[in-house]
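Worksheet: the structure to be examined is printed underneath.
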Amino acid sequence: MELTKREKRKLRLENLRGESQQAQQEFEQKQEQNHQHQEPKKGKFKYYMIAVAVLILLIVAYSVYSSAKPGPYDNFAKCLTENGAVMYGAMDWCKYTQGQKGMFGKSFKYINYHEYEELPGIKKTPTWVINGKWHENVQPFDKLAALTGCKLN
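Residues in the sequence shown are numbered consecutively from 370, following my numbering.
This is how it looks when you write it as structure tokens:
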């Protein structure tokens, strides 16, 4: 029994529809599997973001804590200023002025500091003016202590 052209065409169309439906189902299954695999990644991403936020919070908290701690030479720097010691320098470009500031660290905020242009006649920076006398170049702490009577902590 031989099939007519019309029956053969109908059979081919049914086969194609079946294959198409099967391909559609496979595609939907893959999509569903991919979706299921992506959800844990979203969860991991959320945990990474939380971890990063906590880390940033810890860094900020530590920096606030560190800035609130007194510097090691706070009392010495305050004493220098109270006893009239004034440092003149060129913070923007002079490595020696920057070095003197670095010696004090956080305590430099208590030093009576001025830019060298404010006192005519300064030839070297830094220059300390203590009891009317000029002391050029970076001064060690023991010399500053001897000149002012301040105790080095």
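Just so it is clear, CB atoms sit at the ideal spot from N, CA and C, and this is done for glycine as well. Nothing here was measured: the structure is a model prediction, and the numbers come from that model.
CB contact flag (residue i, residue j, <8 angstroms)
| i | j | result |
| --- | --- | --- |
| tyrosine 482 | methionine 456 | yes |
| proline 495 | threonine 466 | yes |
| tyrosine 442 | glycine 471 | no |
| asparagine 506 | asparagine 444 | no |
| glycine 453 | isoleucine 499 | yes |
Closest by C-alpha distance to residue i, when choosing among the options
| i | options | result |
| --- | --- | --- |
| glycine 458 | Asp443, Lys493 and Lys447 | Lys493 |
| lysine 447 | Lys470, Cys519 and Asn403 | Cys519 |
Inter-residue Cα distance where the pair is residue i and residue j
| i | j | result |
| --- | --- | --- |
| isoleucine 419 | valine 433 | 21 angstroms |
| alanine 515 | isoleucine 428 | 40 angstroms |
| alanine 392 | valine 423 | 47 angstroms |
| leucine 449 | leucine 513 | 8 angstroms |
| methionine 460 | leucine 426 | 33 angstroms |
| phenylalanine 477 | glycine 501 | 21 angstroms |
| lysine 374 | arginine 386 | 18 angstroms |
| glutamine 469 | glutamine 508 | 7 angstroms |
| cysteine 463 | glutamate 487 | 16 angstroms |
| glycine 412 | lysine 399 | 21 angstroms |
Alpha helix (DSSP H) runs wholly inside the stretch 474-498, at least 4 long, in chain order: none
Runs of alpha helix (DSSP H) wholly within the stretch 370-453 (minimum 4 residues, chain order): 374-437 and 443-451
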